[in-house]
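To keep things clear, I will list the structure first and then write my remarks on it.
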Amino acid sequence: LEDNTSNLKFNKLRGFEDLYQTVAKSTVYIAAAFGEEEYGEGSGVIINSNEILTNLHVIKNANEIYVIPFGGMAEDPANDTYYNASITKIEPDKDLAIIKVNSKLNDPIIISKECNINIGADAHAVGHPEGNYWSYTKGYISQLRKGYEWFYEDDSAYKADVIQTQTPINPGNSGGPLVN
11 LEDNTSNLKF
21 NKLRGFEDLY
31 QTVAKSTVYI
41 AAAFGEEEYG
51 EGSGVIINSN
61 EILTNLHVIK
71 NANEIYVIPF
81 GGMAEDPAND
91 TYYNASITKI
101 EPDKDLAIIK
111 VNSKLNDPII
121 ISKECNINIG
131 ADAHAVGHPE
141 GNYWSYTKGY
151 ISQLRKGYEW
161 FYEDDSAYKA
171 DVIQTQTPIN
181 PGNSGGPLVN
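For the sequence shown, my numbering gives the first residue as 11, with consecutive numbering after it.
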């Protein structure tokens with residue numbers, strides 16, 4: 011047995027732990043305040059040293075936007091590391107927004123311009139579903155939809171080319187990275 015297995019090399023990690031560690035560091039928690047007692051939460055992904063890509067519906071009509079980077083959430087919320095953010099660009103018809111902080115963020119995600127997306131390929135998401143911060147989930151790409159239209163409860167309408175996945179996500183994942 012030793013002779014037959016001596017040349018085999020095993021990765022010390024059994025799954026996608028390396029991918030999670032990389033993507034989680036690029037993922038931020040976003041809290042959007044809409045008034046005295048009303049707020050929403052979602053995710054975002056760092057795309058350069060001070061900009062974050064998220065979904066527009068996460069921050070739309072917010073009075074204030076707060077961003078907490080990976081590792082910035084403390085046991086006592088009063089000790090969280092957070093940054094105020096402002097909206098720099100929106101694409102309303104695609105439900106996308108770029109927000110900016112006045113501080114340098116580490117670990118921007120690497121975006122490939124030559125991304126080859128195929129039905130059946132793995133899809134990995136990191137986000138904050140229902141208060142489960144920096145959670146990981148895995149699924150697959152089930153379809154590519156050109157010119158897809160969708161609506162939210164506030165009757166806002168969107169149209170874009172979308173990647174349909176069978177990846178378990180929930181409120182709080184919105185705006186976070188979906189990677190292959």
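We put the beta carbon where it would ideally sit given N, CA and C, even for glycine.
Between W144 and A42, the CB-CB gap reaches or exceeds 7 Å. A straight line joining the alpha-carbon of D103 with that of I97 spans about 16 Å. Annotation for D28: no beta strand (DSSP E) segment contains it, though the alpha helix (DSSP H) segment containing it runs 27 to 36. Cβ atoms of V55 and P187 come within 8 Å of each other, at about 4 Å. Inclusion of Y150 and D165 in the CB contact set at 7 Å is not warranted, their separation being larger than that value.
For L66, no beta strand (DSSP E) segment is defined; the enclosing uninterrupted segment is the alpha helix (DSSP H) at 66 to 69. Remark: C-beta atoms of I40 and V77 approach each other more closely than 7 Å. Here G186 carries a coil assignment [DSSP, helix/strand/coil]. When beta bridges are read from the DSSP output, G50 appears opposite A42.
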